[in-house]
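In our numbering, the protein residues as written are 68 to 342. Every residue gets a Cβ at the ideal spot worked out from N, C-alpha and C, and that includes glycine. None of the values given here were measured: they were computed from a predicted structure.
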């Protein structure tokens, strides 16, 4: 398990490009028959990926200090690959592409598999500490009514799908969903914002191999950018903006944890003040 420590905004101002990437960018999430995880000390969020050509079991790392992964945690999972399944304490949940699953605290045995080993599933997940057990729930994207926002004139026409949130699938901390940009649109989360009460992780996918996203981060008056490729994620501390523009349209999964679960609790940044 890769462990990332907190970064003070005053320190981040002086980072080189490589230092920014080392602290915040998450690469190579999908390795055959492994659970790849990054443990962030920002709200104790774990970001991970599973690429099960053969069945793979979710296990606690030594850094967690528990007997099993969900002993004191919850997890949100979205399948970004081909059809697969997650087995939770003997109960099987089949997930097609972009279907999700929430698993509550206390589930002991979690394993991942693909419906066809030649066309494997890819399970992306966010996990945060929990204080209460909520039921395990399968989330089908086809059953979610999206919020349609933006416009082609601003290059940000998009559909927002909320998977785990207070008005839907309940959780302790994790709030999770997916934003799908319409063809011809490249911007996300601009005008931008921060939310001092929550951290966030963005995972970019459905991006052609020859395309990139310029992800903007940093304090509003000290912005930096990180170049991101398909199926890479980036950590966003509460003091940082999180916005991006691609050379092609794309989809991204957002996951949050922290003080509250209020989706609209944002500290909006006047675009004129960005530097």
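Among 69, 94, 71, 326, which one has its Cα closest to the Cα of residue 295?
Cα-wise, what sits closest to residue 295 is 94.
Would you give the residue range spanned by the alpha helix (DSSP H) that residue 263 belongs to? Counting along the chain, residue 263 falls outside any alpha helix (DSSP H), and DSSP gives it neither H nor E.
Note to self: Taking the alpha helix (DSSP H) that residue 91 belongs to, which residues open and close that run?
What the structure shows: Unbroken alpha helix (DSSP H) run through residue 91: 84-91.
**Item:** Helix, strand or coil at residue 131 [DSSP, three-state]
**Value:** Reduced to three states, the DSSP call for residue 131 is helix.
Taking the alpha carbon of residue 213 as the point to measure from, which residue in 229, 223, 202 has its own alpha carbon closest? It is 229 whose Cα lies nearest to the Cα of residue 213.
Quick test of your reading: residue 195 and residue 112, contact by CB under 8 angstroms. State the CB separation rounded to the nearest angstrom. 6 angstroms between Cβ atoms; contact.
- Message: Taking a contact to mean a Cβ-Cβ separation below 9 angstroms, would you say residue 154 touches residue 180 in this structure?
- Response: Yes; because the gap between Cβ atoms is below 9 angstroms, this pair is in contact.
**Request:** Would you be able to state if there are at least three C-beta pairs under 8 angstroms between the stretch 92-106 and the stretch 291-309?
**Result:** Yes, the stretch 291-309 touches the stretch 92-106.
- Query: From residue 242 to residue 104, what does the alpha carbon distance come to, in whole angstroms?
  - Reply: When rounded, the distance between both Cα atoms is 18 angstroms.
Review point. Going straight from the alpha carbon of residue 149 to that of residue 297, what length do you get?
Key: Put simply, the backbone Cα of residue 149 is about 16 angstroms away from that of residue 297.
Can you check DSSP and say which residues form a bridge with residue 195? 141.
* Rounded C-alpha distance that separates residue 289 from residue 143 -> A straight line joining the alpha-carbon of residue 289 with that of residue 143 spans about 32 angstroms.
Exercise. Exposed or buried, what is residue 329 when buried is set at 16 or more other beta-carbons lying within 10 Å of its beta-carbon?
Worked result: With fewer than 16 other Cβ atoms within 10 Å, it is exposed.
For residue 189, count the other beta carbons within 10 Å of its own beta carbon; 16 or more makes it buried, fewer makes it exposed. Which is it? By the Cβ-count criterion, residue 189 is buried, with 16 or more other Cβ atoms from all chains shown falling within 10 Å of its own Cβ.
**OP:** Compare the beta carbon distance of residue 140 and residue 109 with 9 angstroms and say whether it is the shorter of the two.
**Re:** The Cβ-Cβ distance between residue 140 and residue 109 does not fall below 9 angstroms.
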